[in-house]
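Beneath this line is the structure, given in structure tokens, with notes to follow.
Protein chains in written order, with the numbering used here: chain C, 352 to 734; chain L, 42 to 444.
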């Protein structure tokens, strides 16, 4: 038996493992996987490294989990598979050797990636269902959305049981707690339905999600032949937004006009101020006051073609029309700066005339990577 | 008539693809949907026809791939289907050999009727290439060892369809051909099967497209035919260079079927064309507007071409001239495509409807007749696979072996 040092970018982890002779070093094997480049470059070398890693013994499991701290999405998948192969083999051959306590310690350490921690939970659950049941409710306020999901699910079950028993006050307390912790849109919708329809509660879902509700709108601009997506109209020409500016629109000059939504799910609907139109482009603009400099996400739902600028810089765009929409459809990493930030959204409507192509709208929220709303410091009450 | 029909099967089956029992991709050998290795497959279903049934860990529309005694199948699970599964089972008893799981690296949003595990994997018999609607593409050997992995949305960020992608890849030589076609960043690519690196990548029409590529053989050379709303483009598999083109539009759901250099394209109903290898436009043989496939792709059996329309009517056409020979109503609706067992005996077509009703159609008479049905009592949208005298069917919950 040898002892090897397992190095990752920012630290050194040590573990003992039965290392096959062909492995020069474990850290090298992981590093090769972590170096996988765009368009698959380095996959052949990664495959050889993966073959080495899957031969390791149980002592490699937690260090490999930790190596995900500094791995990209594709490398994480390689490492995940290596972990699962080792875990599965040890489970069959000598389950007593599984490092379940160490895996649980990894699970509880919130500095590790959310997916890796959920993997740790699933590994434990695969061999100890009772332990998983015991652990599941403990992640109610965990930064990992994957782990939080299970904890909220437990509360939802409890709430439903209380409703069935006619214990409305207790059910309200439990489901309100579930809602406070829920980050998954489907769970939030289901809990809100119960609270509203069965328990007569009033909810402020836009604030829970962090949807942006107050806007200025400018439009309509042209989108004949879907040309508007790549046409630079007045609002995106200017280095900064002048709310008093006038722009040549599709049929007449247009100006910014205030718009606010009260929709539970923050829908910003261009058809409301402009009436249903086809082959048009609209802009929506708002500001966001951040309490601090911090990383965040813009999460958008939109079934029209769209582009987004954050603090004047283009973030992303997509020229797809009417293929579906959902909350958090697109997750766009941004950097919030302390003080005022600006958001400009461009939304194009196409020429299709069927009923399901009438929507000209979007919903957008600001949140952290767990889906927890980040609220503008000057956020107005929803209603 | 029956004798000549069977005789023509024998002729065709010597040219329509592999004679081995493996079912390596969507609709099996050469994408034909035909097995020549199922002479003993039952045509009279009974509950005992189900030799085994096993649970699956997630949803899926992709067909099982069968290689020797291994079945490989994909699935997707989790609240947003972000968990991707590649599973390998034994054909004998459905016992699991291995499972590999991955996190989706691309978008998983899709229409509720489809799912992230919509494409059928493809294989060269040694490696399985599993593509998901999230654009994750994983190559594994038959023991579950990862050979390479691509996150195509990481490479091409706008390549997705919010309804979901479902085009199934094909292998030709040492190239894997994928069609990632959508309204935004639409492309097709040929990847080196050993390394996963791009051999070529070409822009494709910016329009949603769920069809799968098919292989066409012209002058003993395999050409990958890429269907889209614009028509059909034949490309050289190792370079992506254009070989032939059909420019008169085509369906974006039902895929073409080919026999040698003749392609039956779901276009303006159904259109038969003869492909070329000299860069010229294809030669139209016939067009028949009444033979319009809906979701199910057409199938060519001998000198007969079969389509299923949106009302569940199976139409048999004369492949050389498109003449309609007969029609019979099946119990639809269908999302799965038909497959057929063709051997020395009477040919039979197998099709499962969306409600899980498996139907066996005897094609040997003057008109086709449904001779047997088996209610699997689950929603089934995936096309069955055929191998070694057995049918393999999958739902979102189960995998069946029927013989």
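Glycine included, C-beta positions come from ideal geometry on N, C-alpha and C.
- Assigned with DSSP and collapsed to three states, residue 533 of chain C falls in coil, not helix or strand.
- Any Cβ of chain C closer than 8 angstroms to the Cβ of residue 63 of chain L would place that residue at the interface, and such an atom is absent.
- The beta-carbon separation of residue 700 of chain C and residue 619 of chain C, rounded to 13 angstroms, does not stay under the 8 angstroms limit for a contact.
- For the segment 132-143 of chain L, the set of positions with a beta-carbon nearer than 9 angstroms to some beta-carbon of chain C reads 139, 140, 141, 142 and 143 in chain order.
- At a cut-off of 4 residues, the continuous stretches assigned as alpha helix (DSSP H) that sit fully inside the segment 614-645 of chain C are 622-625.
- The C-beta of residue 146 of chain L comes closer than 8 angstroms to at least one C-beta of chain C.
- For residue 368 of chain L, no alpha helix (DSSP H) encloses it; the enclosing beta strand (DSSP E) starts and ends at 365-370.
- Within 9 angstroms of the CB of residue 204 of chain L, the CB atoms of chain C belong to 674 and 675, in sequence order along the chain.
- Collapsing the DSSP output to three states places residue 375 of chain L in coil.
- For residue 386 of chain C, the closest Cβ of chain L is not nearer than 8 angstroms.
- Counting every other CB atom within 10 Å of its CB across the protein chains shown gives residue 497 of chain C a total of 16 or more, marking it as buried.
- By a beta-carbon distance limit of 8 angstroms, residue 608 of chain C contacts residue 567 of chain C. Their separation comes to about 7 angstroms.
- Assignment of residue 570 of chain C by DSSP, reduced to helix, strand and coil, places it in the strand class.
- Residues of the segment 396-421 of chain C with a C-beta atom less than 7 angstroms from some C-beta of chain L are 398, 401 and 402, listed in chain order.
- Cβ-Cβ separation between residue 502 of chain C and residue 580 of chain C: approximately 42 angstroms, too far for a contact (criterion under 8 angstroms).
- Residue 106 of chain L is bridged by DSSP to L/113.
- Nearest CB-CB separation between residue 716 of chain C and chain L: not below the 8 angstroms threshold.
- Residue 671 of chain C sits close to residue 224 of chain L, with the two beta carbons spaced by under 8 angstroms.
- The beta-bridge partner set that DSSP reports for residue 229 of chain L consists of L/220 and L/243.
- Residues of the segment 693-705 of chain C that bring their beta carbon within less than 8 angstroms of a beta carbon in chain L are absent altogether.
- Here residue 654 of chain C is not near residue 668 of chain C, since their CB atoms are 8 angstroms or more apart.
- Where residue 428 of chain L is concerned, the enclosing beta strand (DSSP E) starts and stops at 426-428.
- Put simply, the segment 190-204 of chain L does not touch the segment 624-639 of chain C. Fewer than three CB pairs are less than 8 angstroms apart.
- Under the Cβ distance rule, residue 428 of chain C counts among the residues neighbouring chain L, one pair being separated by less than 8 angstroms.
- Identification of chain C residues near residue 223 of chain L by a Cβ-Cβ cut-off of 9 angstroms yields 671 and 674, ordered along the chain.
- The beta-carbon distance between residue 339 of chain L and residue 287 of chain L, rounded to whole angstroms, is 15 angstroms. This is too long to meet the 8 angstroms contact definition.
- For a Cβ distance threshold of 9 angstroms, nothing in chain L lies close to residue 434 of chain C: the least Cβ distance comes to about 10 angstroms.
- For residue 237 of chain L, the nearest CB of chain C lies under 8 angstroms from its own CB, placing it at the interface with that chain.
- The segment 137-153 of chain L makes contact with the segment 417-431 of chain C; the number of CB pairs closer than 8 angstroms reaches 3 or more.
- For residue 144 of chain L, the uninterrupted beta strand (DSSP E) segment begins and ends at 137-144.
- The straight-line gap separating the alpha-carbon atoms of residue 482 of chain C and residue 489 of chain C is approximately 12 angstroms.
- The criterion of a C-beta distance shorter than 8 angstroms is not satisfied by residue 391 of chain L and residue 422 of chain L.
- A direct Cα-to-Cα measurement between residue 686 of chain C and residue 491 of chain C gives close to 27 angstroms.
- The beta carbon of residue 163 of chain L does not come within 8 angstroms of any beta carbon belonging to chain C, so the residue lies off that interface.
- Residue 633 of chain C and residue 562 of chain C do not touch by the CB rule: their CB atoms are close to 18 angstroms apart, not below 8 angstroms.
- Restricting attention to L/138, L/295, L/303 and L/248, the CA atom closest to the CA of residue 263 of chain L is found in L/303.
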